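With UniProt numbering applied, the sequence shown corresponds to residues 1 to 599, in that order.
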Amino acid sequence: MATSAPHALRTPFLRNPTLSLSSKPTLSSVFPVSLSSRRRASPRLVVVLSAARLDAKPTVLVAEKLGEAGLDLLKEFANVDCSYNLSPEELCTKISLCDALIVRSGTKVSREVFESSGGRLKVVGRAGVGIDNVDLGAATEFGCLVVNAPTANTVAAAEHGIALLTAMARNVAQADASVKAGKWQRNKYVGVSLVGKTLAVMGFGKVGSEVARRAKGLGMHVIAHDPYAPADRARAIGVELVSFDEALASADFISLHMPLTPATSKVLNDETFAKMKKGVRIVNVARGGVIDEDALVRALDGGIVAQAALDVFTVEPPPQGNTLVLHERVTATPHLGASTMEAQEGVAVEIAEAVVGALKGELAATAVNAPMVPAEVLTELKPYVVLAEKLGRLAVQLVAGGSGVKTVKVSYASARAPDDLDTRLLRAMITKGLIEPISDVFVNLVNADFTAKQRGLRITEERTVLDGSPESPLDSIQVQIANVESKFASAISESGEITVEGRVKDGVPHLTKVGSFEVDVSLEGSIILCRQVDQPGMIGQVGSILGEENVNVSFMSVGRIAPRKQAVMAIGVDDQPSKSSLKRIGGVPAIEEFVFLKL
Ligand SMILES: NC(=O)C1=CN([C@@H]2O[C@H](COP(=O)(O)OP(=O)(O)OC[C@H]3O[C@@H](n4cnc5c(N)ncnc54)[C@H](O)[C@@H]3O)[C@@H](O)[C@H]2O)C=CC1
Ligand SMILES: O=C(O)C(=O)COP(=O)(O)O
């Protein structure tokens with residue numbers, strides 16, 4: 001046996017005293033709508049979006065121009081509202097009527113948008129790669145999934161990078177303007193050759209590696225800087241990965257292909273320009289914000305940078321009269337990297353499939369703010385996902401007081417190797433089960449960790465590695481809440497925590513342990529737990545009370561410490577017993593305590 005404790009969340013607990021046990025978890029609350037559809041989501045990777053049930057046709061707001069093929073796909077499933085050029089205020093007004101929003105780079109999806117949605121917005125689809133225009137923190141907080149379309153415009157962006165590189169080197173744009181102005185300036189527009197020159201690709205991801213491949217075809221010596229890129233992928237196309245300073249110091253051309261993050265913001269600035277070769281030429285088809293644009297103007301004027309070709313700007317469109325855009329040695333395009341017919345059709349289909357899939361609960365691989373779970377893992381974990389949520393719900397309903405629900409320990413027993421079980425989904429569902437019955441917060445896979453953290457709920461996970469064949473992913477899940485009192489004293493285990501444990505049997509989740517008592521009751525309907533002195537006739541007595549009240553009993557199981565000592569009886573019921581029947585059960589002399597728990 002071996003254990004590991006990989007995950008912990010800690011902050012002060014903000015307890016919401018509201019108790020609402022009304023919502024009943026079903027498979028469809030985790031997988032919101034039927035999984036059947038004409039078009040199935042990509043079988044690559046999927047993540048579950050625990051969205052609100054969408055009984056009516058959902059509404060998708062398309063806020064920027066999207067390819068026809070994508071619109072057609074959306075229209076098969078949803079009401080589609082194409083409203084382009086909305087002001088921020090108009091977007092905030094419209095959003096409360098929408099289940100999904102699709103944007104490109106021109107729309108700011110700010111915190112106000114999520115706040116204004118009133119909880120209805122479940123998916124934001126970014127028809128492209130960069131999600132720097134979406135407030136991901138706010139999306140996560142509001143339980144809204146963000147998906148992007150990361151692959152369909154890669155080649156278009158790389159081709160545009162090469163177009164800018166070659167056009168800049170040969171002054172194509174400037175010479176064209178000059179000829180159109182009636183001039184013939186052959187000496188003025190002598191260019192530089194690319195062959196044999198060193199190109200530093202900054203950010204060796206999808207676009208960067210395609211640029212590198214093409215630049216090698218032009219006879220350039222290509223190096224790359226990317227702290228996170230695998231060296232073998234670079235080596236495979238004959239590119240050497242180098243340090244940031246080395247890239248700056250040796251490049252004749254620098255092409256930027258990293259995302260805009262706090263770490264890359266203004267990464268080209270006065271200090272870093274000073275490290276470059278005199279006469280360096282810069283291409284940017286990534287994001288304007290990775291360059292300090294004022295510093296670039298200084299570097300152009302100071303002779304460090306000979307030329308720049310820019311597709312992206314810190315503010316888009318850049319203000320009229322912008323010094324950088326108007327600079328003679330700058331070639332500018334209006335964020336055209338992804339703008340080919342082919343890429344736009346591809347992106348539109350990619351994002352439409354992702355958004356429709358997400359609304360159906362079968363999201364494709366491109367979730368940006370939620371863990372992605374491989375499809376085959378998800379299929380295997382489905383019954384355990386239900387078990388996890390129900391154990392969370394049971395455990396929290398057993399709490400009577402104490403210092404609040406702050407510390408929860410989850411133990412997974414499995415014969416699988418520790419790195420062969422992805423527990424993020426299970427943790428999210430336990431969190432959902434723990435929080436939803438005691439709050440009005442809607443918890444899903446997107447916001448589970450955030451919500452737990454906000455409420456000061458610390459969830460630690462522990463793995464117990466069992467011997468034997470790892471056919472099923474899990475043997476059991478145990479949920480323990482520490483430092484609390486219980487309404488059902490027998491639910492407190494010898495080590496002092498409220499303890500519930502369950503397993504999946506024939507695809508159905510079962511409660512198999514309460515406190516130190518072994519029971520076996522299927523987790524369907526609701527449960528009555530009774531502790532009594534172990535003696536004949538107890539099952540009959542309680543069963544007949546429920547029968548008289550027309551409450552259907554689905555399961556009964558008795559767990560005892562020793563014959564004729566204390567026993568715990570777990571009774572599964574299809575319907576909620578009336579107050580009077582619960583009172584009658586409590587009145588049976590041998591019953592020492594009992595509790596009714598809604599699943
Ligand atoms: N101009 C346009 O129309 C388009 C622009 N883009 C932009 O191009 C950029 C790259 O896109 P993809 O290649 O698809 O993304 P990607 O995620 O495949 O590649 C980005 C690479 O940058 C690397 N990176 C992250 N931080 C870095 C750092 N500090 N220094 C160096 N490398 C770093 C990552 O490890 C990754 O390999 C994104 O900013 C995207 O928004 C993408 C498509 C079209
Ligand atoms: O995909 C990206 O990151 C892009 O920058 C493309 O932007 P766009 O969809 O053309 O507004």
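Built from N, CA and C at the ideal position, the CB exists for glycine as well. Since the model is a prediction, treat every value here as computed from it, not as a measurement.
Return the Cβ separation of residue 477 and residue 384 in integer angstroms, given the expectation that the two are a contact with Cβ distance under 8 Å. Reading the sequence shown from its first residue, position 477 is the one you call residue 477. Reading the sequence shown from its first residue, position 384 is the one you call residue 384. About 7 Å separates the beta carbon of residue 477 from that of residue 384, a gap short enough to meet the 8 Å contact definition.
Within 6 Å: the Cβ of residue 348 and any heavy atom of ligand 2? Looking up residue 348 in the sequence shown gives position 348. Residue 348 has its CB no nearer than 6 Å to any heavy atom of ligand 2.
Inspect the beta-carbon positions of residue 381 and residue 336 and report whether they are closer than 7 Å. Taking the sequence shown and counting its residues from 1, the one referred to as residue 381 is at position 381. Taking the sequence shown and counting its residues from 1, the one referred to as residue 336 is at position 336. No, they are not a contact pair.
With a Cβ-Cβ cutoff of 7 Å, do residue 251 and residue 200 count as a contact? Numbered from 1 along the sequence shown, position 251 holds the residue referred to as residue 251. Numbered from 1 along the sequence shown, position 200 holds the residue referred to as residue 200. Against a cut-off of 7 Å, the Cβ pair of residue 200 and residue 251 comes out as a contact.
Test item: CB-CB of residue 528 and residue 450 under 7 Å: For the purposes of this step, residue 528 is taken as residue 528 along the sequence shown, with counting starting at 1. For the purposes of this step, residue 450 is taken as residue 450 along the sequence shown, with counting starting at 1. No. Outside cutoff.
Around the C-beta of residue 53, are 16 or more other C-beta atoms found within 10 angstroms, so that it is buried, or is it exposed? For the purposes of this step, residue 53 is taken as the residue at position 53 of the sequence shown. Model confidence at residue 53 stands at a pLDDT of 45, short of 50, so the residue's coordinates are unreliable and nothing is read from them.
Nearest-angstrom Cα distance between residue 357 and residue 351? The residue you call residue 357 lines up with position 357 of the sequence shown. The residue you call residue 351 lines up with position 351 of the sequence shown. Linking residue 357 to residue 351 through their CA atoms gives a straight-line distance of about 10 Å.
Is residue 259 a contact residue of ligand 1, with contact defined as CB to any heavy atom under 6 Å? Start at 1 with the first residue of the sequence shown, and residue 259 comes out as number 259. Result yes, Cβ under 6 Å from ligand 1.
The alpha helix (DSSP H) that contains residue 95, what's its start and end? Within the sequence shown, residue 95 is the residue found at index 95, counting from 1. From DSSP, the alpha helix (DSSP H) with residue 95 extends over 88-95.
Taking 6 Å as the cut-off, is the CB of residue 209 close to at least one heavy atom of ligand 2? The residue you call residue 209 lines up with position 209 of the sequence shown. Answer for residue 209: no, Cβ out of range of ligand 2.
Between the C-alpha atoms of residue 324 and residue 296, what's the straight-line distance to the nearest angstrom? By 1-based counting over the sequence shown, the position of residue 324 is 324. By 1-based counting over the sequence shown, the position of residue 296 is 296. Distance between the alpha carbons of residue 324 and residue 296 is about 8 Å.
Go ahead and label residue 56 buried or exposed: buried means 16 or more other beta carbons lie within 10 angstroms of its beta carbon, across all protein chains shown. Numbered from 1 along the sequence shown, position 56 holds the residue referred to as residue 56. With fewer than 16 other Cβ atoms within 10 Å, it is exposed.
What ranges does the alpha helix (DSSP H) occupy inside the segment 347-425, keeping only unbroken runs of at least 4 residues that lie completely in it? The segment 347-425 contains these whole alpha helix (DSSP H) runs: 375-397.
With a floor of 4 residues, list each alpha helix (DSSP H) that falls wholly inside the segment 275-303, ordered by position along the chain. Listed in chain order, the alpha helix (DSSP H) runs fully inside the segment 275-303 are 293-301, counting runs of at least 4 residues.
Determine the DSSP secondary structure at residue 111, reduced to helix, strand or coil. Along the sequence shown, one-based indexing puts residue 111 at 111. Looking at residue 111 - three-state DSSP - the assignment turns out to be helix.
Is the beta carbon of residue 288 within less than 6 Å of some heavy atom of ligand 2? Counting from one through the sequence shown, the residue named residue 288 turns up at place 288. False, no ligand heavy atom lies under 6 Å from that Cβ.
Assuming contact is defined by CB atoms lying nearer than 7 Å, are residue 499 and residue 493 in contact in what I supplied? Stepping through the sequence shown from its first residue, residue 499 is reached at position 499. Stepping through the sequence shown from its first residue, residue 493 is reached at position 493. Residue 499 places its beta carbon less than 7 Å from that of residue 493.
Among 285, 347 and 302, which has the Cα closest to the Cα of residue 331? Residue mapping note: residue 331 aligns to position 331 of the sequence shown, counting from 1. If you compare the alpha carbons of 285, 347 and 302 with that of residue 331, the shortest gap goes to 285.
Neighbour-count burial assignment, residue 235, 16 or more Cβ in a 10 Å radius: Start at 1 with the first residue of the sequence shown, and residue 235 comes out as number 235. Counting Cβ neighbours within 10 Å, residue 235 comes out exposed, since fewer than 16 surround it.
Please name the residue in 461, 126 and 408 whose C-alpha comes closest to that of residue 104. Walking along the sequence shown from the start, residue 104 turns up at place 104. When each option's Cα is compared against that of residue 104, the closest is 126.
Would you check if there are 3 or more beta carbon pairs closer than 8 Å linking the segment 202-217 to the segment 170-186? The segment 202-217 is not in contact with the segment 170-186.
Within the same chain, show all residues whose beta-carbon is closer than 7 Å to that of residue 27, passing over the 5 residues directly before and after it, in chain order. If you number the sequence shown from 1, residue 27 lands on position 27. Model confidence at residue 27 stands at a pLDDT of 29, short of 50, so the residue's coordinates are unreliable and nothing is read from them.
Return yes when the Cβ of residue 522 is within less than 7 Å of the Cβ of residue 555, no when it is not. Against the sequence shown, residue 555 aligns to sequence position 555. Against the sequence shown, residue 522 aligns to sequence position 522. Between residue 555 and residue 522, the gap from beta carbon to beta carbon is short of 7 Å.
Alpha carbon to alpha carbon, what distance is there between residue 59 and residue 97? Stepping through the sequence shown from its first residue, residue 97 is reached at position 97. Stepping through the sequence shown from its first residue, residue 59 is reached at position 59. Roughly 7 Å between the two C-alpha positions.
Let me make sure I understand the geometry here. Which of 253, 591, 217 and 255 has the alpha-carbon closest to that of residue 238? Residue mapping note: residue 238 aligns to position 238 of the sequence shown, counting from 1. The shortest Cα separation from residue 238 among 253, 591, 217 and 255 belongs to 217.
Is the separation between the beta-carbon of residue 155 and that of residue 124 shorter than 7 Å? One-based indexing of the sequence shown puts residue 155 at position 155. One-based indexing of the sequence shown puts residue 124 at position 124. Against a cut-off of 7 Å, the Cβ pair of residue 124 and residue 155 comes out as no contact.
Based on DSSP bridge pairs, tell me the residues matched to residue 526. Here residue 526 corresponds to residue number 526 of the sequence shown, with the count starting at 1. Paired residue(s): 573 and 598.
Could you give the DSSP three-state label for residue 65: helix, strand or coil? Your numbering for residue 65 matches position 65 in the sequence shown. Three-state DSSP puts residue 65 in coil, outside helix and strand.
According to DSSP, which residues form a beta bridge with residue 79? Reading the sequence shown from its first residue, position 79 is the one you call residue 79. In the DSSP assignment, residue 79 is bridged to 59.
Classification of residue 153 by the beta-carbon crowding that lies within 10 angstroms, buried from 16 upward: Position 153 of the sequence shown, counted from the first residue, corresponds to residue 153. Looking at its Cβ environment, which holds 16 or more other Cβ atoms inside 10 Å, residue 153 is buried.
Residue 186 burial status per 10 Å Cβ neighbour count (16 or more: buried): Within the sequence shown, the letter at position 186 stands for residue 186. It is exposed - the Cβ of residue 186 has fewer than 16 other Cβ atoms within 10 Å.
Rounded to whole angstroms, how far is the Cβ of residue 444 from the Cβ of residue 139, which I believe are closer than 8 Å? Start at 1 with the first residue of the sequence shown, and residue 444 comes out as number 444. Start at 1 with the first residue of the sequence shown, and residue 139 comes out as number 139. So it is not a contact: roughly 12 Å between Cβ atoms.
Near residue 317, what residues of its chain come up, given a Cβ to Cβ distance below 7 Å and the 5 sequence neighbours on each side ignored? For the purposes of this step, residue 317 is taken as residue 317 along the sequence shown, with counting starting at 1. For residue 317, where only same-chain residues beyond five positions count, the Cβ hits under 7 Å are 334.
Terminal residues of the continuous alpha helix (DSSP H) containing residue 157? For this step, residue 157 is matched to residue 157 along the sequence shown. It spans 154-169 - the alpha helix (DSSP H) in which residue 157 sits, taken as one unbroken run.
Please return the same chain residues whose Cβ sits closer than 6 Å to the Cβ of residue 468, not counting the five positions on each side in sequence. On the sequence shown, residue 468 is found 468 positions in, with the first residue counted as 1. These residues qualify, in order along the chain: 415.
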